[in-house]
Amino acid sequence: MTTDIEIAQKCRLKPIDEVAGVLNIACDELELYGKYKAKLTDKIWDRVKDNKDGKLILVTAINPTPAGEGKTTTTVGLGQAMSRIGKNAVIALREPSLGPVMGVKGGAAGGGYSQVVPMEDINLHFTGDMHAITSANNLLSAAIDNHIQQGNKLNIDPRQIVWKRAMDMNDRALRNIVVGLGGKANGFPREDGFNITVASEVMAILCLSSGLNDLKNRLGSIIIGYTYQGSPVTAKDLGVAGAMTVLLKDAIKPNLVQTLENTPALMHGGPFANIAHGCNSVMATRLALKLCDYVITEAGFGADLGAEKFFDIKCRCAGLKPDAAVLVATIRALKFNGGVKKDALNAENVEALKRGIVNLQKHVENIKKFGVPVIIAINHFHTDTENEIKYVEDFCKDMNIEVSFSEVFSKGGHGGADLAEKLVRLTDKEPSHFQPLYDVNLTIKEKISIITKEIYGGKDVLYTGSAEKSIKKIEEMGMDKLPICMAKTQYSLSDNPALLGRPQGFDITVRELKLSAGAGFIVAVTGEIMTMPGLPRIPSAEKIDIDENGVITGLF
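In this note's numbering, the protein residues as written are 59 to 614.
And the structure:
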C-alpha cells in the first residue's frame, strides 16, 4: 500500500507563483520560500480588501476516535472537489505542530490523495512560524526573570507568575520545573513550566490579530503575573511587546501552498482546539474570502471544541459569518462510539452503529444552535457494508440532513464531487442565520454553564477552590466580559474521555481559569487536560528517517 508521504513525493507540484496566479496574486505580492512555498505580503490585502466576500465553509467532525475521522483529509479533498466542479475555492488550514508530528499523530496535512504539499516541509519547519512564536514566547519569559534579577522595579511576586516557557515538542518532563538554580548569578529560583507552543497565548494572539499594530497591542496586553499587591503585570510593562512583534513580523503573514491537485491553500497558525481556540488565523481567512468564491476551512477536533470556538471566539472576534458547516464522521468511528473495540471495527455491526450514531446527532443539533446550515460527510471505507450505509442514510434523512459518502482519501477531488455539489446546493438554497451561542456580557459562570448544557449536554458545572478564586480575581479586574475558551478532552462530549457516544446527566469540573487578556478570552481548564503533552510509548519519531539522497520516510 502506498503511504501518504510516497503519494506526496510522486505528485507534480506547480511553482507557487503559478498557484498564486489562479487567485490573481501577482509575483511582487509574494515572498518566496523556495519554489513551492510563499508568504503573502500586505500589498494583497490593500488591493483586495473591498472585494465581495466568498462563502465561508467550516469543516468539523464528531469526537475523534482511534478509528480516525479524516477531517483535514475531507477539507483538502473538498477544496479539490470544488475546483473539479468548476468553483473557485481556497482551503484555509492550520499549520501542524512538531509535537504531534513526532508524537502520536504523525503528519497533519491531510491524507491519501487529498493532501497539502510539500507535506514534508509543512509538517516540519515550514516557513518558521512555529519557531518565531516559540522565540517570542520565550523572550517574554527571559524578560520576566531578568527583570526580577535586576532589581524587580515592577514588584513582581515570583509566586504569582502565570507565564510559562514554550517549546513545540511533546515533553512531559517540562510541565513543572524550577528555574534560577545555581546561585545568585543565575537568577531568582522559582517554579516554572513549559507549554507546547500551540498552547501559548502568543499563538492565539497571532491567529486572532487583524494586522501588525493589533498584534503588538495584543502582545502588550499579555498578563505575565501579579505584584505583591495583586495588580497585574503585562508584557508592555516589561517593555518587550515591540521586540516580540519584531520576532513575529514575518510569521504574521499567511502562507500559500497547494494541494496534490494544485488547489491553492492558505496555511497559517496552529492553536490546538482542546487547549486553545483551534482555528487558523483571522488574517488568512479574511484574505481567502476576498480571493475566491468558496473558502473551505476547518476547526480542530470535534464540533464540541473546534466548531464552538470557531463560532463563539473567532467569528465573533473577526466579524465572520459562516455560510455552512460540513460535519465529518466515519461508520467505523460511530461504531467505536457504540462500544466496538478498535480491532473489531471492520466487521458489520449495525446495532453498535445505532448506539454510536447519537454522537453524530448531538453535533448536528449543536451546529444548528448557531443558525448555520449543515451537511454530513461520511468518510467512506471499503469495510462499510450496505446495511450500515443504508442505516446512516436513513438516520440522516430522518434528521432532514443531507449526507454524502466521500472517497477523497482514495480518489482525491473526484471522490468528493458529490459532497461539493450537495454543499453548493445547500448554500444556495438555505441561508445562514449565524449567531454566537451566548452574550459575552453574561457572567463567567453563566457562559460556562451555557456551553456545558447546550453543547456538551451536561447537567452542572463544579468549580475547585482555585477556580473560584480565579473567577473572583478576573471579575475584580473587570476582564470577565470575554468569550470562554474551554480546555477539555477531545475524546468525549464530557470532560471524561471514557464517556463515549452521547453521555447525559454528567457534571463538568473546572479546576482552573486563565485570563488570556491579549488573545481576548478566558480559558476554563477542565478534567485532566494538559497544556504540555507527552510522547507515547512508541512515538512517531522512531519511524521517521532520511536516506543519503535526502528522501524522508515514515513521516506519515
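Even for Gly, the Cβ is constructed at its ideal location relative to N, Cα and C.
Whole-angstrom distance between residue j and residue i, CA atom to CA atom
i, j, result
"Asp272", "Cys375", "12 Å"
"Asn196", "Ala231", "18 Å"
"Ile459", "Val432", "7 Å"
"Arg70", "Thr388", "30 Å"
"Leu151", "Ile310", "15 Å"
"Leu495", "Asp370", "7 Å"
"Leu102", "Pro312", "Checking the sequence, you will find Ile at residue 102 rather than Leu. For Ile102 and Pro312, the distance between alpha carbons rounds to 11 Å."
"Asp104", "Thr355", "23 Å"
"Leu306", "Ala382", "32 Å"
"Lys129", "Ala119", "6 Å"
"Glu319", "Arg560", "38 Å"
"Arg390", "Val609", "33 Å"
"Ala194", "Gly186", "12 Å"
"Gly684", "Gln562", "Outside the shown range of the chain (59 to 614) lies residue 684, about which nothing can therefore be said."
"Leu198", "Asn146", "42 Å"
"Val220", "Lys379", "34 Å"
"Glu451", "Val482", "20 Å"
"Ser507", "Pro329", "24 Å"
"Lys400", "Pro124", "7 Å"
Where the beta strand (DSSP E) containing residue i begins and where it ends
i, result
"Met325", "322 to 325"
"Thr317", "313 to 317"
"Lys113", "113 to 119"
"Ile180", "It is not in any beta strand (DSSP E) - Ile180 instead sits in the alpha helix (DSSP H) that spans 177 to 181."
"Met225", "223 to 225"
Counterpart residues of residue i in DSSP-defined beta bridges
i, result
"Cys543", "Val581"
"Val519", "Ile566"
"Gly169", "Ser172"
"Thr292", "Ile281"
"Thr355", "Leu116, Ala150"
"Cys337", "Ala357"
Three-state class that DSSP yields for residue i in the structure shown
i, result
"Arg233", "coil"
"Thr192", "helix"
"Tyr615", "What the structure shows of the chain is the stretch from 59 to 614, and residue 615 is not part of that stretch, so it cannot be assessed."
"Asn253", "strand"
"Arg152", "coil"
"Thr441", "coil"
"Tyr91", "coil"
"Ser574", "strand"
"Pro216", "strand"
"Tyr549", "coil"
"Leu385", "strand"
"Ile433", "strand"
"Arg595", "coil"
"Phe463", "strand"
"Arg248", "strand"
"Lys97", "strand"
"Cys69", "coil"
"Ile602", "coil"
"Ile263", "helix"
"Thr131", "helix"
"Ile83", "coil"
"Ile610", "strand"
"Arg374", "helix"
"Lys211", "coil"
"Ile143", "coil"
"Phe368", "helix"
"Ser199", "helix"
"Arg390", "helix"
When the options are compared against residue i, the one with the closest alpha-carbon
i, options, result
"Val519", "Ser528, Leu484, Val498, Arg569", "Arg569"
"Thr133", "Val461, Ile143, Thr123, Ile115", "Ile115"
"Ala167", "Leu324, Lys211, Tyr286", "Leu324"
"Ile593", "Asp226, Asn213, Gly137, Ile143", "Inspection of the sequence shows that residue 593 is occupied by Leu rather than by Ile. Among Asp226, Asn213, Gly137, Ile143, the Cα nearest to that of Leu593 is on Asp226."
"Leu385", "Leu136, Lys72, Asn607, Val304", "Leu136"
"Lys505", "Pro247, Phe579, Ser552, Ala383", "Phe579"
"Glu127", "Cys373, Asn395, Phe368, Asn204", "Asn395"
"Pro158", "Pro597, Ile604, Val609, Gly608", "Pro597"
"Lys455", "Gln493, Gln419, Met302", "Gln419"
"Gly377", "Pro122, Asn407, Thr343", "Thr343"
"Pro489", "Lys546, Lys367, Lys113", "Lys113"
"Ile143", "Pro555, Ala475, Ile74", "Ala475"
"Ala293", "Cys265, Asp362, Asp351, Ile214", "Ile214"
"Val498", "Met457, Asp362, Leu540, Phe463", "Leu540"
Residue range of the alpha helix (DSSP H) that includes residue i
i, result
"Ser468", "466 to 469"
"Leu349", "340 to 349"
"Leu477", "475 to 487"
"Lys503", "502 to 508"
"Leu418", "408 to 426"
"Met302", "299 to 305"
"Val80", "74 to 80"
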